[in-house]
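The block underneath contains the structure these notes are about, expressed in structure tokens.
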Amino acid sequence: MSVRPTLAVWKFASCDGCQLSLLDCEDELLALAGAVQISHFPEMSSASVDGPYDLSLVEGSITTAADLARIHQVRAKSRRLVTIGACATAGGIQALRNYAVDDYPPVVYAHPEYVDSLETSTPIAAHVAVDYELQGCPIDRRQLLEVLAAELAGRRPVIAGHSVCIECKQRSTVCVLVARGTPCLGPVTRAGCGALCPSVDRGCFGCFGPADTHNTGSLSGRLLELGATRADTERFFRTFYAGAVAFEAAAESLGREEER
Amino acid sequence: MSHGRGERTISVQGLSRVEGEGSLRVEVHDGRVEDVALEIFEPPRYFEALLRGRRHSEAPEITARICGICPVAYQMSACAALEDAAGVEVGPSIRALRRLLYCGEWIQSHSLHVYLLHAPDFFGYHDAVELAEHDRGAVERGLKLKRTGNLLMETVGGRAVHPVNVRLGGFYRAPSYEAVAALTEPLSRAREAALATVVWVSGFDFPDLEGDYRFVALHDPGAYAIEGGSTILSSDGLDVSPARFEELVDEEHVMRSTALQARLRGRGHYLTGPLARYALNGAQLPAIAREAASAAGLRAVCANPFRSIVVRSVELVAACDEALRLVAEYEPPRPPAIEVGATASVGVGVTEAPRGLLLQRYEVGDDGLISRARIVPPTSQNQLSIEDDLRRTASAALAEPDAELTARCEQAIRNHDPCISCAAHFLDVTVERR
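Chain order of the listed sequences is A and B. Here our numbering is used: the first residue of the first sequence is 117, the next is one more, and so on. Here our numbering is used: the first residue of the second sequence is 4, the next is one more, and so on.
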């Protein structure tokens, strides 16, 4: 029998984009399928082998009672569990419901009573132990390959925790915030995308979540000085990483000042 | 286990090789198919609700997150709707760059579906990895095609999943002439690979089974409609503007599904996607794609859903060929975007996602904030036609043992490349006999 480590990929509330990043490793996909046994990956294969699994990749957030029960089952049969993407690590864009003033289901469904849905969208780590969190909306496929290589080698992944600003400097992109006054979340956002947005003349919108160190209060102040409204700045933090602690706190602080 | 008495329930609890979580159920009584259901239990994410109170300019970025497989379709429909609301129209150079980006998504999504999700069914394999053990050349060809689609999306959109360069009115920055010209060689190879794909899939074994579809597709008098069009056509004579079409689409919420099911008022349910586009707009395909279709044995209309893989491959040829033409004619738009104002208004946008027509409608307030949103994805429109297929396929395959019948039913669903994440994704199989 095979001694290759077993890999499982699980989906909760999400857009499929992060697991697609695995299929997007076109040059490495067949080699990967040789290095690990892909035991459960419904988007790719109709064959599924029962666990336990050496490594589970989990995409998506917890938004239903059934999924809450399922994540505990997934954890129980996974030796290592890595969450991938903004939904799994911070609740995703659908976590905006956590801050809504009114009920969402009736806006979308004629019969909300047919729908099994929790009032909140929460990250996986809010419910079970997680061994590593890979950030991004979507994740970067090179970072995903690094995490897989590290997991297979039993080492820690080498993933930077500094801000997008460093990546702009590395690729010699002129600072859009300083030079042009374009609102940019780059100073507080985790690197990893390659500073894509400033490279196309727009500000970063925070789709890799908060960097390891961040001064959101100072950045908010600068954005307001540049003429952004408090409501716009609050929305800026409340997008794809609305549920991340640092961005949630920054948005709440702006909301409180707005009321005053 | 009373197979002989004709009482059976075929149930697949988690469909595989589709995007999202769904299941299928077929009930057989007295040797007749009595009930079928494509059940969608993808957890709802409430996009229409969370868009309320957001700036109109945020809609392309936010709606992209509905689907990681076809984010450009969401971005383009959102732009079309909000530009309609503002009463502005982009010029030909921005339109051409949008079409180029959209061709990238078609190439990426179609090659994913043809090679990784659909083709294994025709060989009885579980996945493309097993297929590669028997025909590595085919799978590598598919992966290269897919990589070219992604390369195109990265060059124009900045990123393959959730591109960052799209904005209302156009693009943040037009890619350089050199960056676009560098796509010529990979796209030429991709067009050859797409032609080889048509030949490969046309040799598969197809069940002899045709659907009685009402086809619906976006139509553009000037080109095979992808990123925009003036009217929506149906195979039974509908010819209306996007705004009128939006009024005619009724959606029903049924207990078994977190997707809404769409019908056309006064007509009934319908099918969008490759079969519909090919039937209604096929004459507008580039010559190289029409020739490939004809050599593959396709007539003007293809109503065999299992052959949708051939039509999808013909569209791959078309998308590569169109992209090559657009690359050859590329002039960076200046400026890269037009202004899209925000005043109290309503707008509708329709584009052709790889798996079918995608409609969005927005109401915007004087403050520039979205007050109401409606999003009608391809799979909610196709859901009832897919159930018809499930009924026909199960009826035709009743003599088969459970395992084969189940496989055939799953294939009936995969034929339409449903994106259940979009519709509100997941396939596994249990068979019950009563």
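We put the beta carbon where it would ideally sit given N, CA and C, even for glycine. As the structure is a prediction and not an experimental result, all values here were calculated from the model.
C-beta neighbour in chain A for B/C70, strict 9 Å: yes
What number of angstroms, rounded off, separates the C-alpha of B/D91 from the C-alpha of B/P63? In the sequence under discussion, the amino acid at residue 91 of chain B is Val, which differs from the Asp named in the question. Computed Cα separation, rounded: 16 Å.
Run through the DSSP bridge pairs and tell me what B/A340 is partnered with. B/G173
Drop a sphere of 10 angstroms on the beta-carbon of A/V361, count the other beta-carbons inside from all chains shown, and report buried for 16 or more, exposed for fewer. exposed
Counting pairs of Cβ atoms below 8 Å between the region 310-330 of chain B and the region 250-259 of chain B, do you hit three or more? no
For B/A185, I'd like the list of residues in its chain whose CB is within less than 8 Å of its CB, leaving aside the five on either flank, ordered along the chain. T158
Hey, is the region 352-359 of chain B in contact with the region 415-422 of chain B, meaning 3+ C-beta pairs nearer than 8 Å? yes
Residue-level contact to chain B via CB, A/A124, 9 Å cutoff: no
Rounding to the nearest angstrom, what Cα-Cα distance links B/R20 and A/F324 in this structure? 28 Å
Can you give me the Cβ contacts of A/L171 inside the same chain, cut-off strictly under 6 Å, excluding the 5 residues immediately before and after it? L123, R196 and E267
Distance cutoff 9 Å, beta carbons only. Does A/I275 sit that close to anything in chain B? no
Output, in chain order, the set of chain A residues within a Cβ distance shorter than 7 Å of B/A135. L146
Relative to the C-alpha of B/P123, which candidate in B/W203, B/L278, B/I65 and B/A292 has its C-alpha closest? B/W203
Indicate, with yes or no, if the ligand MG has a heavy atom lying under 8 Å from the CB of B/R328. The ligand MG is absent from the structure shown, which contains no ligands of any kind.
Against chain B, does A/E159 count as a neighbour if the rule is that its beta carbon must be under 9 Å from one of theirs? yes
Checking 9 Å against the spacing of the C-beta atoms, do A/S279 and A/H330 come in under that value? yes
With a threshold of 9 Å between beta carbons, is A/A367 in contact with chain B? no
Comparing the C-beta of A/D183 with each C-beta of chain B, is any distance below 9 Å? yes
Three or more beta-carbon pairs under 8 Å between the region 308-315 of chain A and the region 339-354 of chain A, yes or no? no
How long is the line joining the alpha carbons of B/N307 and B/G214, rounded to whole angstroms? 6 Å
Given a cut-off of 9 Å, decide if B/E390 and B/V15 are closer than it, judged by their beta-carbon atoms. no
Would you decide whether A/D256 is buried or exposed? Buried here means 16 or more other CB atoms lie within 10 Å of its CB. buried
Out of A/V190, A/A147, A/D140 and A/G252, point me to the one whose CA is closest to A/H156's CA. A/V190
By how many angstroms is the C-alpha of B/F218 removed from the C-alpha of B/A279? 5 Å
Mind reading off the beta-carbon distance from A/A74 to A/V304? Whole number of angstroms is fine, and I expect it under 8 Å. Nothing can be reported for residue 74 of chain A, as the shown portion of chain A is limited to 117 through 376.
Within its chain, find whatever has a CB closer than 6 Å to the CB of B/P74; leave out the 5 residues flanking it on each side and keep chain order. A67 and H165
What residues in its chain sit with their C-beta under 7 Å from that of A/D232, if we drop five residues either side in the sequence? T180, A181 and A182
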